[in-house]
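What follows is a set of notes on a single structure, which appears directly below.
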Amino acid sequence: MWLKPEEVLLKNALKLWLMERSNDYFVLQRRRGYGEEGGGGLTGLLVGTLDSVLDSTAKVAPFRILHQTPDSQVYLSIACGANREEITKHWDWLEQNIMKTLSVFDSNEDITNFVQGKIRGLIAEEGKQSFAKEDDPEKFREALLKFEKCFGLPEQEKLVTYYSCSYWKGRVPCQGWLYLSTNFLSFYSFLLGSEIKLIISWDAVSKLEKTSNVILTESIHVCSQGESHYFSMFLHINETYLLMEQLANYAIKRLFDKETFDDDPILDDPLQITKRGLEDRAHSEQFNAFFRLPKEEILKEVHECFLWVPFSHFNARGKMCISENYICFTSQDGNLCSVIIPFREVFAIEKTNDSSKSVIISIKGKTAFRFSEVKDFEQLVAKFRLKCGAASTQYHDISTEVPVSSDSADPSDNIEVQSLTCQRECSKTVNTEALMTVFHPQNLETLNSKMLKEKMKEQSWNILFAECGRGVSMFRTKKTQDLVIRGIPETLRGELWMLFSGAVNDMAANPGYYADVVEQSLGTCNLATEEIERDLRRSLPEHPAFQSDTGISALRRVLTAYAYRNPKIGYCQAMNILTSVLLLYAKEEEAFWLLVAVCERMLPDYFNRRIIGALVDQAVFEELIRDHLPQLTEHMTDMTFFSSVSLSWFLTLFISVLPIESAVNVVDCFFYDGIKAILQLGLAILDYNLDKLLACKDDAEAVTALNRFFDSVTNKDSPLPSSVQQGSNVNDGKSHIRVDITDLIRESNEKYGNICCEDIYSMRCRNRLFVIQTLEETTKQNVLRVVSQDVKLSLHELDELYVIFKKELFFTYYWCLSYPILKHHDPSLPYLEQYQIDCQQFRVLYHLLSPWAHSANRDSLALWTFRLLDENSDCLINFKEFSSAIDIMYNGSFTEKLKLLFKLHIPPAYTEVKSKDTSKGDELSEEELLYLSQLHVSKLENEKEAEAVKNSPEKGKGKADIQAYLSQWQDELSKKEENIKDLPRMNQSQFIQFSKTLYNLFHGDREEESLYQAIAVVTSLLLRMEEVGRKLHSPISSAKGFSGTVRASRGASEEKAESSLEKDPSLLREEPQWSFAFEQILASLLNEPALVKFFEKPTDVEAKLENAKISQLSSRTKM
């Protein structure tokens, strides 16, 4: 165990200890007399006696490790061990993690301080592990208090866990604590008076990976906003990395990818996130992906045990994994065998009375599974029996298991009966046969060599079924995989696709669902159905099944039903190609559930608007190319070539590039092995064409070479009629080297079969961060390109401003869980509309950024500015509107700044502001601010709603009106420069407020006195001008009253003058109202050089933006 570092004087200790190992910084010692033959002589005997007579609490461990300071007699004890194995483990850890690091320090004192800090961190880490098991909250509370004290984040920021580690600042490691919370990765270190504090928001992380180099054996690399951060010397680096990966991915999903993950309770409420919850969730996701189970399944228990494999006559060691509805088993090596047993299939559970601790599970179809050496097997049997009772009620004894006997029913006969009943009720013709059996029935009389091979394949599968069982609970072995690689027979394809994809479980759980959805979706008209109709005739047009109404109608029903079931995906191009192939081999309802399995589980996020899943897998593919085909990586200057060429491979599972008779073999492997099969095949294709690709001079040549290769791929064993086959072997006189698809798939498995599912899962997580951040960067660049045309801010300044704008919005997402704007974030919207802020967020940014934020009535100014920018009265403004106001404040001319201030004091921007709490002065509460931002002086609410619906590009049944977007764009382009003569006049009360605002702006300025005098002169001049212009009957009293107001430079006199007007409102109501035009105010102010100089004073924009970035988080925590 690690010990708190304490000094040891070696001069006297050498008589009691023997040195076993040593290096420049550490010594491993053994106690004399321990582990020696004969007890180590007289000295060993004396030491042993001394140790044995001491009180048990003071007994000395027989091994220890000391840290030595060169040229010193003083050593530090840092670890001890009861046996050689324990101390060797500590020694190895020091050599691998600490030794290389110590060489970077300049002085011995620094080395000693670092080692002491590191060992204390390890002790705390081990203590944390023990209290986590004992569920003792005291230590965690202590860590939470330290976290809150160090970083000052709002109390809604939930700490998930913390670790002792080192953060590398340059080439020097700083020992401290890494805190992982729901929205931030934080690090704190305080050593020798030097404090390091680091806060990185998860949504800013673009890269997260485990790395190693000469100095660092293993470290975690975090890249955020172009900066790299390295953390090392973790006690449990894999656990730490997994949690960091999950937290980063949750933040990304919650903030950038909400469209796909609305149903996830953790994303709706980050306060539910816990360390144990994250670990359990990761295990459940991997469990569901491995066994192809519905994503709702949660892994409850895992037991080490043996499963009797009857056809091989041996017990396979592995893990039994139990969820709510399934018992699954996989052998230790993964390939030996695996089994899935749904509780709905179980009819008896027994336990043996011998010492084998066995559980026997019998299923429908006369098959029994015997699990032995099961821990707590009696309690497990009781649980199983309870679950089986619930499952049989839930599923109404629906069986998807096929007994081995030849006269058994079809796997889904019972389901089909229920489905057909529903179908008849909704009077829809749903195909109950695969299109291949209708259009290409096998003629047994004309058996050719290909048909004979097909029959031999069927026979091989029948032998396998006899050995391993048939249906959902069959044993899956290496032999199963070998038969899949050879190609599944045409007659079994639909059944086995359902089985291997897990779609059979979805269909069993939802009897009659498809017929209901077909009925409900009948006659719907939206963007998805329009796109489906357009693509129906483009789906395998050369196949006779899709030249007839039978195939086209079935394809329409399946695609429309799925778009109805999952409107977030709706319909995406490539779904038609995939579905048409599914319909060839599976019944219509089965094809629907296969499509569900592909879109929602096997290829997650592939078929949404941004095809994020496909982009992620392309990034994984590029990573695998770098690892397995380095010479190709060196030759290709731009790796994006592989992304562009392989997109259709992933989206259509090679169906769009390979002949249909070859592509179905790829689909066989995909349903058995998942995305791993597609990645392996992609690598094998590049490897096969390596020489040709290396000889290519540009991308066009490479694409041509690959296309020629795809044309040469054949399936020599395909029983399809020659009229249907697309391969070049059919009626092709050209002499190409033929490549058989079976050989290609076999080669891909032999060369790249060692790529494991866990690695792919990890690579997907890692690359998802990069892909989504890249898409966000694209959004930002498009926004900046549009906005930069209308403002004087530089691109760099706009970039910084956008980061601040977006970060303020995200702060609200972090800590206001029921925030409505979060629900509306939609990446499919135009770039400018994706991120919008409300009045409260605008006020925070106004305080941070506006050069006028020092004004006493800054809350009122922020409110009026927001109302001015919110032209469509939806209480939200986008970045273009926000930056236009900031740009005028920073870079506007005297006239532009004055015009902005003028417009802030007239409708629709201006509204009277009175805070309920007079003690706060002009400061407004959040409720008051949001209420005032929603007050509109113009149209009635229902009129505005009607107009909004009329003008909305989203009008109609979920259909985006492109013409409306174009007309909006046209209107924006055709907007002329606003003429100052068009501005309405400013009335008396508005002018009073305008003057007060000017006084507030000048307060605290170095030229404050001369500015006040200038304003007094201007107001007097304006009033005289107004008097001259007024008719003879106009009384003078109001002018005199107001004159007193504007001459008062500050304080009580101003308030007194204003209150006199408020006390006698009849003065303003009865007398003719005077008002000013903008030209009058502008002309008067231009006559005062002090005022012109004040408004034309340059602002250091970069410094202002930098300060805002630094204080943005701190201002939030204070609030």
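Position one of the sequence shown corresponds to residue 81 (the numbering used here), numbered consecutively onward.
Note that the Cβ used here is the ideal one computed from N, Cα and C, for glycine as well.
As the structure is a computational prediction, the values presented were derived from the model and not from experiment.
Cutting at 6 Å between CB atoms, please list the residues of its own chain near residue i, excluding the five before and the five after it.
i, result
"Val-1181", "Glu-877 and Tyr-970"
"Gly-631", "Leu-515 and Ala-625"
"Cys-385", "Met-400, Phe-451, Glu-453 and Val-454"
"Trp-388", "Asn-395 and Arg-450"
"Ser-266", "Phe-231, Tyr-259 and Ile-279"
"Cys-468", "Phe-423 and Val-426"
"Arg-110", "Leu-98, Glu-100 and Phe-143"
How big is the Cα-Cα spacing for residue i and residue j?
i, j, result
"Lys-219", "Thr-262", "19 Å"
"Ile-765", "Asp-820", "12 Å"
"Arg-636", "Ile-612", "7 Å"
"Ile-145", "Val-252", "24 Å"
"Val-851", "Val-285", "11 Å"
"Phe-231", "Ile-279", "8 Å"
"Ser-798", "Ala-743", "11 Å"
"Ile-441", "Glu-430", "7 Å"
"Val-747", "Leu-288", "33 Å"
"Val-362", "Tyr-330", "Here the sequence assigns Ala to residue 362, which means Val is not the residue at that position. Each residue's Cα considered, the two are about 12 Å apart."
"Trp-673", "Ile-755", "18 Å"
"Gln-1073", "Tyr-915", "33 Å"
"Cys-776", "Ala-785", "8 Å"
"Ser-281", "Phe-264", "4 Å"
"Asp-172", "Thr-297", "12 Å"
"Asn-958", "Glu-669", "45 Å"
"Thr-354", "Phe-311", "22 Å"
Give me the DSSP bridge partner(s) of residue i.
i, result
"Tyr-243", "Leu-258"
"Ile-420", "Cys-408"
"Thr-291", "Ser-299"
"Phe-311", "Tyr-247 and Ile-300"
"Ala-428", "Ser-442"
"Val-252", "Lys-249"
Keeping to the same chain, check which residues put their C-beta closer than 7 Å to that of residue i; ignore five residues upstream and five downstream.
i, result
"Arg-1086", "none"
"Gln-1070", "His-985, Ile-986 and Tyr-990"
"Gln-1160", "Leu-1102 and Met-1105"
"Ser-1191", "Leu-928"
"Phe-750", "Leu-733, Ala-757 and Ile-758"
"Glu-1088", "Phe-1082"
What did DSSP end up calling residue i once you bin it into helix, strand or coil?
i, result
"Ala-331", "helix"
"Lys-777", "coil"
"Gln-153", "coil"
"Thr-892", "helix"
"Leu-134", "Per-residue confidence for Leu-134 stands at a pLDDT of 39, beneath the threshold of 50, marking its modelled position as unreliable; the derived number appears in the next sentence. Looking at Leu-134 - three-state DSSP - the assignment turns out to be coil, as it is neither helix nor strand."
"Phe-734", "coil"
"Glu-384", "strand"
"Val-700", "helix"
"Lys-872", "coil"
"Leu-83", "strand"
"Ser-389", "Sequence inspection shows Val at residue 389; the Ser mentioned does not correspond to that position. Of the three classes helix, strand and coil, the one that applies to Val-389 here is strand, per DSSP."
"Phe-185", "coil"
With 8 Å set as the bound, which would you pick, yes or no: does the beta-carbon of residue i sit closer than that to a beta-carbon of chain B?
i, result
"Ala-1163", "Structure shown: chain B not included; a single protein chain is present."
For residue i, which residues from the same chain have a beta carbon less than 8 Å from its beta carbon, with the 5 sequence-adjacent residues on both sides left out?
i, result
"Asn-193", "Leu-271 and Leu-272"
"Pro-931", "Met-969, Tyr-970, Thr-1179 and Lys-1184"
Checklist entry - Counting Cβ pairs, one atom from each stretch, are 3 or more of them under 8 Å apart for the region 675-691 and the region 641-651? => result Because the criterion of three Cβ pairs below 8 Å is met, the region 675-691 and the region 641-651 touch.
Checklist entry - Using 8 Å as the threshold, is the region 405-412 in touch with the region 367-380, meaning 3 or more CB pairs across them? => result Contact holds: three or more Cβ-Cβ distances are below 8 Å.
Checklist entry - How do the region 883-892 and the region 972-981 stand: do at least 3 beta-carbon pairs fall below 8 Å, yes or no? => result Per the Cβ contact rule, the region 883-892 is not in contact with the region 972-981 (fewer than 3 Cβ pairs under 8 Å).
Checklist entry - Contact between the region 631-640 and the region 574-592: three or more CB pairs below 8 Å? => result Touching, no, given that fewer than three Cβ pairs across the two stretches are closer than 8 Å.
Checklist entry - Three or more C-beta pairs closer than 8 Å, one from the region 143-152 and one from the region 104-112: is that the case here? => result The answer is yes - the region 104-112 touches the region 143-152, with three or more Cβ pairs under 8 Å.
Next on the checklist: Counting beta carbon pairs with one atom in the region 754-774 and one in the region 706-723, are three or more of them shorter than 8 Å?
Outcome noted: Because the criterion of three Cβ pairs below 8 Å is met, the region 706-723 and the region 754-774 touch.
Item to check | Touching by the beta-carbon criterion (3+ pairs, under 8 Å), the region 256-274 and the region 241-248 | outcome: The answer is yes - the region 241-248 touches the region 256-274, with three or more Cβ pairs under 8 Å.
Checklist entry - Between the region 930-945 and the region 833-843, do three or more beta carbon pairs fall short of 8 Å? => result For the pair of segments examined, the region 930-945 was found not to touch the region 833-843: the number of CB pairs separated by less than 8 Å stays below three.
Checklist entry - How about the region 941-953 and the region 916-927: do they share at least three Cβ pairs that are nearer than 8 Å? => result These segments touch.
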